[in-house]
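Report on the following structure.
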Amino acid sequence: MSDQWATSGLDLHLDVSGPGVRAALERGLRNAVRDGRLAPGARLPSTRSLAADLGVARNTVADAYDQLVAEGWLVARRGSGTHVSARVPHPDTAPARVAAAPSPARFDLTPGSPDVSAFPRALWVRTLQQALVEAPADALGYSDPRGVPELRTALAGYLGRVRGVDVRPDRMIVCSGFSQALALTGGVLAAAGGETVGIESFSIEAHRAALEAAGLRARAVPVDASGADLDGLGPAAAALLTPAHQFPTGAVLSPDRRRRAVDWAAENDAVVIEDDYDGEFRYDRHPVGAMQALAPDRVVYIGTASKTLAPGIRLGWLAAPTHLVEPLVEAKRLGDTHTHVLDQLVLARLLERGDYDRHVRRQRAVYRRRRNMLVGELAAAAPEARVTGIAAGLHALVLLPPGRTELDVVAAARRRGLVVQGLGEYQTGAPEAVQAFPPALVVGYGRPPEHAFTGAVARLVAALVERPLRP
Ligand SMILES: Cc1ncc(COP(=O)(O)O)c(C=O)c1O
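In the numbering used here, the protein residues as written are 2 to 472.
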């Protein structure tokens, strides 16, 4: 069972491959509504016939339908089956079907990116020029797969000072962003016989996919206001966690859970993969240090310049436990020999001279002001929405006012030219991951350029206070 044509009275291509059949089915149906293959009002096949077409259990289809009814994509009418909601739920389909197209999305509050217009271009160019002039010819040859020594030394010092990471330069590997570091780690664990990896039940789909592509099976780890809870995970090769600022719920992993996570790793001969993607941005208190320091030989620490500088420069770093250094270095060598040397030399200099710290400090002040403004505007104009997950990072979780669904708020925002994302989009694909969480938006306040931020928040507020249309 994988890619299937469902034939139950409806020509519908659904991709239900992979381990999370129910989640895959939900995704497939949402996509079909979103891109217009399932029109508003269209009747869906009965659970029995769709289950037979797809070769899955009838309950799986019934549960998926129930979930999509709860989210507002579908409506169930007693006696006449399940239909696509008459209220066109997703803005992406609107231009094709309605005369008055929504305004183009001029504002974007989706998470995942900092304000890239704040990238220190002049500083980067100047530093690159100096690095090129001063580097010996040898520096442009093949070099150590772990990265240039200057950068690994500068990073080990910086991470020790700012994030409390306990690492020597010879255990650091410079990578093409967090993503490559994660894929290498997954591959090494699978090659060593690892079978399973715990993944937070709300997280980034691409990260789960990368670990599965490496040969590991994902098992969901529930998250709550104290972060990820590994108590029910059982034996696994690793657990991928975002301790400083859970992505996307925004929780900070509690001290007790941190301790238990490293104990779990020791008991199961496993590792915690610590995704410290936005650890530098902590606003109200001193930064919570990386959990790696609790057990450097049980934690693969991974950081990135994607939030501090820009995702496009693809620079990240990994601090490896002793027993994984060799296989990880070998995997990096086989993968791409090593990361771009000139970029590494630039970053090394920025770190050595304090320019990186200054840039992060400047941006932290910008994002703190944005966060305060977001919280203040919502409290004043949309008091029924609650904001959480604001202690750190570049995104917050906005819990919706009673009676609103993620879908209708996302659509209301889109009509105003604003793109936002619902929390449901980050639900991990594994069936056991389905976890109750109140409807919410994941608001990335880091992304807009300065001039667009106020307008984006005004549109968000307007979308949150709009009275929903009833199907
Ligand atoms: C949770 C999380 N981890 C890691 C990253 C960074 O990935 P990369 O360094 O590959 O750009 C992001 C970026 O959006 C993220 O949201």
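Just so you know, even glycine gets a beta-carbon here, dropped at the ideal spot from N, CA and C. The structure presented is a predicted model; accordingly, all values stated were derived computationally and were not measured.
Looking at ligand 1, does it come within less than 8 Å of residue i, judged from the CB to the closest heavy atom?
i    : result
H208 : yes
S307 : yes
S180 : yes
S204 : yes
D276 : yes
R416 : no
R350 : no
F248 : yes
G187 : no
P112 : yes
R315 : yes
P440 : no
P312 : yes
Which of helix, strand or coil does DSSP assign to residue i?
i    : result
Q68  : helix
T429 : coil
Y357 : helix
L465 : helix
R363 : helix
I274 : strand
R98  : In this prediction, R98 has a pLDDT of 35, which is less than 50 and means its spatial position is unreliable; what the coordinates show is noted afterwards. Three-state result, R98: helix.
D93  : Reliability fails at D93, whose pLDDT of 41 lies under 50, so the model's placement of it is uncertain and no value is given.
L319 : strand
D167 : coil
F108 : strand
V304 : Looking at the sequence provided, one finds Gly at residue 304 rather than Val. G304: strand per DSSP, three-state reduction.
G251 : coil
I391 : coil
N32  : helix
G454 : Before going further, note that residue 454 is Phe rather than Gly in the sequence given. The answer is helix: DSSP assigns F454 an H, G or I state.
I314 : helix
G80  : coil
R147 : coil
Between residue i and residue j, what straight-line distance do the alpha-carbon atoms span, to the nearest angstrom?
i    : j    : result
A191 : L234 : 18 Å
I303 : P46  : 46 Å
G42  : S255 : 46 Å
M2   : A414 : Note that M2 scores 40 on pLDDT, short of 50, meaning its location in the model is unreliable; the coordinates nonetheless yield the value given after this. So the alpha carbons of these two residues sit roughly 37 Å apart.
N373 : E135 : 43 Å
I391 : G142 : 45 Å
L1   : E426 : The structure shown does not extend to residue 1, since the chain spans only 2 to 472, so no value can be given for it.
G418 : E467 : 15 Å
G447 : T309 : 11 Å
A210 : L241 : 13 Å
A381 : R38  : 40 Å
T455 : A106 : 15 Å
Q364 : D356 : 12 Å
A87  : E206 : 29 Å
L375 : R387 : 11 Å
V399 : T406 : 12 Å
A121 : A311 : Note on residue identity: the sequence assigns Pro, not Ala, to residue 121. Rounded to whole angstroms, P121 to A311 spans 10 Å at the Cα level.
D279 : P249 : 12 Å
D264 : H452 : 47 Å
I274 : V149 : 23 Å
A221 : S202 : 5 Å
R162 : D276 : 18 Å
P115 : S50  : 46 Å
L408 : G290 : 36 Å
D1   : R299 : No information on residue 1 is available, as it lies outside the stretch 2 to 472 that the chain covers here.
L152 : V410 : 45 Å
P146 : S118 : 31 Å
L329 : G29  : 36 Å
T243 : S81  : 45 Å
R98  : Q428 : Residue placement at R98 is flagged as unreliable, the pLDDT there being 35, under the threshold of 50; the coordinate-derived value follows with that caveat. Taking the straight line from one Cα to the other gives about 29 Å.
G21  : A140 : 47 Å
E268 : A262 : 10 Å
Within the present structure, is the beta-carbon of residue i separated from the nearest heavy atom of ligand 2 by less than 8 Å?
i    : result
T243 : Absent from the structure shown: ligand 2. Ligands present: ligand 1.
Please look up how many angstroms separate the CB atoms of residue i and residue j, rounded, as I've assumed it's under 8 Å.
i    : j    : result
V458 : A383 : 10 Å between Cβ atoms; not a contact.
E27  : A53  : Their Cβ separation, rounded to whole angstroms, is 19 Å, which puts E27 and A53 out of contact at 8 Å.
G394 : H246 : 4 Å
A238 : V301 : About 11 Å; that fails the 8 Å criterion.
R315 : G178 : 5 Å
A412 : V444 : No, A412 and V444 are not in contact; Cβ-Cβ is about 16 Å, not under 8 Å.
D230 : R258 : 7 Å
A123 : E353 : With a Cβ gap of about 18 Å, A123 and E353 do not count as contacting.
P402 : E385 : 3 Å
G187 : L217 : 6 Å
Pairing CB atoms from the segment 338-347 with CB atoms from the segment 117-137, are three or more of them under 8 Å?
yes
At least 3 beta-carbon pairs within less than 8 Å: the segment 165-174 vs the segment 318-338 | yes
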